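Data block below; observations after.
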Amino acid sequence: KPEVKIVGVEPFDANAMALSLHHGQRIMLDKVGGFADGVAVKVVGEETFRLCKELIDGVVLVNRDAICASIKNMFEEKRSILEPAGALALAGAEAYCKYYGIKGENIVVITSGANMNFDRLRLVTELADVGRQREAVLATFMPEEPGSFKKFAEMVGPMNITEFKYRYNSTKEEALVLYSVGVHTVTELEAIKGRMESANLRTINLTNDDLVKDHLRHLMGGRSDVQNELLCRFVFPERPGALMKFLDAFSPRWNISLFHYRGQGETGANVLVGIQVPLSEMDEFQEQAEKLGYLYAVENINKVYDLLMH
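Read in order, the letters of the sequence shown correspond to residues 1 to 310 in the UniProt record's numbering.
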């Protein structure tokens, strides 16, 4: 039926089909996000590409938060648990309908649900409310002086705090509070930011920053003045010996200044690492990193790194 539209859905970090359709030929990705591993491929198949080029009307890209939100939506509606790749179509349908303002139409999504484990469910639980825009992650600066913490709490008011991180730092005049609050509307989020700003408490919205959600929100101890710190995200293979192989490549040649890992039930472990590498030794570090063979990305350009860690 020509009046029926067929729309594909891909994770934004595993968008091989969307890129291939855009360029009119199969495109190979340099790296692939593994959260929705059932659809994570570097290059699409020849026959799959031919059929999609002929039959589908477009591709919707969704992020990890949206997938988690759809898993929770399905559970609350039907008491069924979807795997990330299975919830992909639902996340795409929700995004498509919201973007085009579609209501009262029949929308059919293809789902599945077997490839799920408790490590991944924990991550889904943490990100689902962010994906549904029911939770916001904020950072507020306040004077490091008696009474400022109480003033901060008064400005939060009746809003539900779902997570809170603060540690005293005697070397700083300004304290940093990292916290999450439950929100129901954008107006509520703007209201709390307005209250903070009116009390001269500078506040930044970090809800959409993956570095914060994956790693920095779990680190405690405050900011530190570490010289020549290179902040990288590595993807470790989930197998025995992966950590020692990493340490053999970099330690004791360079000092490890930060390390954070939390299992997410994927084939690769997302690890945040701080390594003290002088600028004069950067080429040597890059050579060692390439030789190691783990996917990695440098995060020093992320402004949130300086905000929360320095």
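The beta carbon of each residue, even a glycine, is placed where N, CA and C say it ideally should be. Owing to the predicted nature of the structure, the values given are computational and were not obtained by experimental measurement.
Among the options, which residue has its Cα nearest to the Cα of residue i?
i: Gly58; options: Val7, Leu19, Asp129, Val235; result: Val7
i: Val60; options: Lys98, Asp225, Val183, Leu211; result: Lys98
i: Ser180; options: Glu135, Ala153, Glu188; result: Glu135
i: Phe152; options: Ala175, Gly131, Val130, Glu76; result: Ala175
i: Lys245; options: Leu231, Gly274, Val137, Tyr294; result: Tyr294
i: Lys5; options: Ala249, Thr185, Leu243, Leu55; result: Leu55
i: Asp209; options: Ala242, Val41, Ile301; result: Ile301
i: Phe236; options: Glu83, Leu216, Tyr296; result: Tyr296
i: Gly34; options: Asn205, Val156, Asn200, Glu238; result: Glu238
i: Lys42; options: His215, Leu19, Val62, Ala114; result: Leu19
i: Tyr261; options: Arg253, Asn270, Asn255, Trp254; result: Asn270
Here's the rule I'm using: 16 or more other beta-carbon atoms within 10 Å means buried, otherwise exposed. How should residue i be labelled?
i: Leu279; result: exposed
i: Lys150; result: exposed
i: Ser198; result: exposed
i: Ser70; result: buried
i: Leu21; result: buried
i: Glu145; result: exposed
In the DSSP output, which residue or residues are listed as bridge partners for residue i?
i: Cys232; result: Val273, Val298
i: Ile139; result: Sequence inspection shows Ala at residue 139; the Ile mentioned does not correspond to that position. BP columns for Ala139 point to Leu178, Ile204.
i: Tyr96; result: Paired residue(s): none; Tyr96 is not in a bridge.
i: Gly268; result: Pro237
i: Ile161; result: Val181
i: Leu258; result: Gly274
i: Glu188; result: For Glu188, which the question treats as bridged, DSSP gives no partner whatsoever.
i: Val7; result: Gly58
Please report how far the alpha carbon of residue i lies from the alpha carbon of residue j, in whole angstroms.
i: Ala16; j: Leu29; result: 6 Å
i: residue 376; j: Val277; result: With the chain running from 1 to 310 in the structure shown, residue 376 is simply not present.
i: Phe118; j: Arg50; result: 37 Å
i: Arg202; j: Met142; result: 7 Å
i: Phe259; j: Gly104; result: 49 Å
i: Lys1; j: Ala91; result: 24 Å
i: Leu121; j: Val226; result: 35 Å
i: Phe12; j: Gly86; result: 15 Å
i: Val124; j: Gly38; result: 16 Å
i: Ala128; j: Arg64; result: 9 Å
i: Glu47; j: Gln25; result: 12 Å
i: His218; j: Glu3; result: 49 Å
i: Leu243; j: Leu272; result: 12 Å
i: Tyr166; j: Val108; result: 46 Å
i: Ala95; j: Ser112; result: 19 Å
| query | Taking one C-beta from the region 22–36 and one from the region 72–82 each time, how about it: are there three or more such pairs within less than 8 Å? | reply | Cβ pair count under 8 Å is below three, so no.
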